[in-house]
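Respectively, the protein sequence lines represent chains S and G. With the numbering used here, letter number 119 in the first sequence gets 119, and the count goes up by one each step, no holes. With the numbering used here, letter number 2 in the second sequence gets 234, and the count goes up by one each step, no holes. All residues carry an ideal CB built from backbone N, CA and C; glycine is no exception. Read the structure below first, then the notes.
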Amino acid sequence: MFIEINQVNKTYHTGDVVFQALTDVDFTLERKEIGVILGPSGSGKSTLLNVIGGVDSADSGTVKIGSKVITGMNSKELTLYRRASVGFIFQFYNLIPNLTVEENVEVATNISAHPMKVDDILRAVGLTDKKKRFPRELSGGQQQRVSIARAVAKNPELLLCDEPTGALDYKTSKDILALLEKINKTLGTTILIITHNNAISGIADRVVRIRSGEITESWINEEKIPAERIEW
Amino acid sequence: MVLNRKVKRTMAEHKSQYIGSIVLIILSCMIFTLFSILSANLDTNNRDFQKKNVQENAHFTVQKPLNNLESLEKTYHMRLEKRLSFDASFDHDTTLRLFSPSDRVNKPFIQKGHAIRKTDEILLDPSFAKAQDLSVGDSWMIGDQKFKIAGFMVLPDYMYPLKSESDLFSDSKQFGIGVISEKAFRQLNNGAASYSAHFDHNADKRAFKRAVNRTNRVTGWLDSTNNPRILFVNEKIKSIQGMTGSLPIAILLLTCALVSIVLWRTLKTEFVQIGTLYALGYKRREIMRHYLSYAWIVSFIGSVLGTAIGLIAVNPMLQFFVGYFNVPIITMNWNPSALLLSILLPALLLVPVTWLVIHRALRMSPLELMRGGKKKSKTGFLERHLHLNGLRFKNKFRIRELVRNVPRTLLMVFGVTFASMLLLLGFGLQNSIQFMMDGNRDANHYEYNYLYNSIKTTAESDGEAYSAFSFAPEGKTKNAENLFSVYGVHHPSDYLKLPDSNGHRLSLSQTIITRPLADKLAVHEGDTIKVTSALDNKKYEIKIDKIAQVYTGTAVYMPIEKLNALLDLPSGSHNGVWSDKKLTIASDQLANTISRKDTQNSFKAMIQPMQASIGSIALIAFLIGLVIVYVMTSLIIEENKETISMLKVFGYKQKEIYSLVLSSNTLLVILGYALSVPLIILSLGGLFRSFSESANLSFPVRFSVWSIVIGFVIILITYGISRYAGKRKISHIALSDILKSRME
Ligand SMILES: Nc1ncnc2c1ncn2[C@@H]1O[C@H](COP(=O)(O)OP(=O)(O)O)[C@@H](O)[C@H]1O
Ligand SMILES: [Mg+2]
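Right, dumping it as structure tokens:
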């Protein structure tokens, strides 16, 4: 297994209030697979993804990615892990506003040992003609493409997508999913997508459902369908 | 690194803060550089000049000429030179004192032109030449001889060209000095001879004096430590150094502190980006390096430009200032340590502050940062205990905004306070000097003041008789700087009116001390001071009844009969006369004549160096103040950008929004200004005290109501303009962009 998550717990402390965001979560994903985590808003999906991506830490349990156990890493080691292995796609894109599309992608290639060519990625995400634009001059879908380009540019083993289509319309969402699918096929990148949209689980190899921080269901998807054909 | 490309764009985006900060640093580094070099040059050149041109340690007159100068020099380890002088009249009330050339002691420093080569050439004191509108090459007649100005020079024993050693102030309009050749001297007048002496370290001054007295007689002797022509220059430089030293460094430090805060708050808006970079796998070091570049850029562009401009301005400023200080600039002192400080200091403050801000940011997790930094989980104490139920929404909103962001509120208030203080500096200076001049006029009401050269016992002329004798505090050497006058005056007097601290006229039947002397001797009403007479070295005790609130002059006034009794003088004794018209008194009876106009002119001349130096600092401080208000206002408006745009999205009208969000800031501006008034009065008081200590003045801090009103109007206008600019910038941003930028 490429991703192996064992009995992960996570609590948040807000003032005197303690909130259990993840309870005894188990989850696995093979290399080169697409995984989908389903669940309603507030169920703990982002928390789980962030623990996997090394931007948040678990209270107990283990998270193993490839050969690395990231639970227990200090912040320096986590930075190196993110730098080498993880590509993030955020729901709100998180682009650097004062850098152009091209430069935003360079932000990632800059710190990567084996980066892809910026022009190639921009062509792949269909933004070649927008490369000198600033993020605020792009639509939401285009900004999400930049964010994908930035995540993929490092050529990471693992691509983590937090509601990548959450802020997008139907048509644009499907385009983005197709793009992720293409990346998975051509580069062999392991992709983990979280969403509250059940239909999206159609493109996944493995799916888990999460509710109030607990895994309630988990299955292997035998009938994968291409992104263009999913409907909701 | 690709990230560096964003630096320029981010700075352009927050122009007001970054460019404003750079301008602030430029201005403060400029005055710091300018005044450090200026005061270093006054000081070192003064010392160099005194040493290189062999300033005398004493000068003296003898009954018959000394003719064994060389052997005396050898025996007593000294340099000795005879010099002739006489007073020529330049025009009807202007005296030009001419000297024979000196080349062993008190060597003239040629500032412009060349030394005397011909009999018809003359060297002039430059301030006299300026006052009389003479330049090198000009010529005019002295007696029946024509003289051509060969150059301008400064004589080490006449740096401050006082006509008489008892004069307080020099006035180049009425007195100046010149040097002519020995030959010309003999043709014009034989002049009076005096001897200038410079002693080596191992010299025995008293042995020399005794030796001269054995065969001859010393008829007059003045040590340089008692020579006001030398002392005043040192004192003027000392007093100005205190102020020009502390003021620019204080301005520079405070400006840098303010800029660090601006930078800190501006960088705080980047937390989401810092978090994103961190999540993408950027190392702390890499993120730190990127954000530190903001600090480096702001501080170095500012400090290098500011220091450079300061350097360029040094020469013209120096030319302007040397005239006030009577110090010739022999070699330029570039004060490299001050230059280095000027270049490094802004970075020394800004870089660590930025480091701290980013370091603290990076202690948060990437997640927290992407959410905009750790929000306070608890509501603030103030916020929780604020009960606003009865208020209208508008007021509730305003108060909540102020309370929610206490640091921002404080920053705005203190920013405006600091800016207002800088702004008011010049006003305070001008008002205070004006007040002091008026105050001086109020105390002395004579037009002419005649001081006899001997004590009279019967009234010999019209006017009001008085006595004045010199004393030193017991135990102090009778140096010029310790001596003060005790006056015996008639009560009531027509010519002397002394006010108490409430402005009421004090009765002259009491013993009254002036405020500057009271401060200097630390005496209070009812104290008794012990003094030694400069005349006969006898000791006396004087009980002080009252302190007069006058700002110039170190003196004690008591009824003339009481003074006569104290000094054991016959009743009716006096040695001076005050009058409101010119009196005819034979000049051989007089030691000194001073008209009130002379006093006032001379007083102005005394104040000028201070007025000029603090005045020019005040001018730049004024500009700095304006820029600070601008930077602060745009920072606050930008920090409110989100609230403003959200209200806009809700459908609030522009006018409603600004009245909600920005009008509370107007209140803060008023508060900030109100705080600045007592603070500037306090700080100016401290500043003036450092001046008065050496200048025998007590400098009151006065602000006219008008200055305070004008200062306030200027601050309000600046605030209004900055607000207008900020508003325009915000209304130019499309709403959709703002919604997007919330997500970035
Ligand atoms: N930093 C935090 N502090 C406190 N509670 C948090 C924090 N982050 C998330 N939570 C809580 O944890 C729960 C799960 O959050 P999240 O994982 O973001 O849900 P999802 O992504 O599924 O919508 C939510 O109820 C949320 O309120
Ligand atoms: Mg989420």
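So, is residue i buried or exposed, given that buried needs 16 or more other C-beta atoms within 10 angstroms?
i	result
residue 818 of chain G	exposed
residue 602 of chain G	buried
residue 311 of chain G	buried
residue 962 of chain G	buried
residue 418 of chain G	exposed
residue 74 of chain S	exposed
residue 16 of chain S	exposed
residue 13 of chain S	exposed
Ordered along the chain, which non-local residues of its own chain (more than five positions away) have a Cβ less than 6 Å from that of residue i?
i	result
residue 276 of chain G	565
residue 217 of chain S	209
residue 805 of chain G	687, 689 and 796
residue 828 of chain G	679
residue 8 of chain S	22, 25, 58 and 61
residue 733 of chain G	781
Look up residue i in the DSSP assignment and say whether it is helix, strand or coil.
i	result
residue 555 of chain G	helix
residue 12 of chain S	strand
residue 18 of chain S	strand
residue 676 of chain G	strand
residue 743 of chain G	coil
residue 669 of chain G	helix
residue 934 of chain G	coil
residue 323 of chain G	strand
residue 7 of chain S	strand
residue 168 of chain S	coil
residue 144 of chain S	helix
residue 505 of chain G	helix
residue 650 of chain G	helix
residue 724 of chain G	coil
residue 62 of chain S	strand
residue 84 of chain S	helix
residue 880 of chain G	helix
residue 706 of chain G	coil
residue 343 of chain G	strand
residue 638 of chain G	helix
residue 700 of chain G	strand
residue 360 of chain G	helix
residue 219 of chain S	strand
Should residue i be flagged as near chain G, meaning a C-beta pair shorter than 9 Å?
i	result
residue 57 of chain S	yes
residue 148 of chain S	no
residue 111 of chain S	yes
residue 107 of chain S	yes
residue 35 of chain S	no
residue 71 of chain S	no
residue 99 of chain S	yes
residue 126 of chain S	no
I want to see whether chain S comes within less than 9 Å of residue i, judged by CB atoms only; does it?
i	result
residue 518 of chain G	yes
residue 609 of chain G	Confidence at residue 609 of chain G is low in this model, with a pLDDT of 47, below 50, so its placement is unreliable and the value that follows should be read with caution. Yes, residue 609 of chain G counts as interfacial toward chain S.
residue 870 of chain G	no
residue 515 of chain G	yes
residue 867 of chain G	no
residue 873 of chain G	no
residue 242 of chain G	yes
Might you give, ordered along the chain, the residues of its own chain that have their beta carbon closer than 7 Å to the beta carbon of residue i, omitting 5 neighbours on each side?
i	result
residue 156 of chain S	85, 86, 87 and 189
residue 136 of chain S	97
Just to check my reading of the structure: residue i and residue j have Cβ atoms closer than 8 Å, yes? What is that Cβ distance to the nearest angstrom?
i	j	result
residue 142 of chain S	residue 154 of chain S	20 Å between Cβ atoms; not a contact.
residue 949 of chain G	residue 935 of chain G	Their Cβ separation, rounded to whole angstroms, is 19 Å, which puts residue 949 of chain G and residue 935 of chain G out of contact at 8 Å.
residue 519 of chain G	residue 510 of chain G	6 Å
residue 429 of chain G	residue 290 of chain G	5 Å
Going along the chain, which residues of its own chain have a beta-carbon closer than 8 Å to the beta-carbon of residue i, five neighbours each way excluded?
i	result
residue 181 of chain S	34, 203, 226 and 227
residue 686 of chain G	807 and 821
residue 231 of chain S	199
Relative to ligand 4, is the shortest distance from any of its heavy atoms to the C-beta of residue i smaller than 8 Å?
i	result
residue 598 of chain G	Ligand 4 is absent from the structure shown, which contains only ligand 1 and ligand 2.
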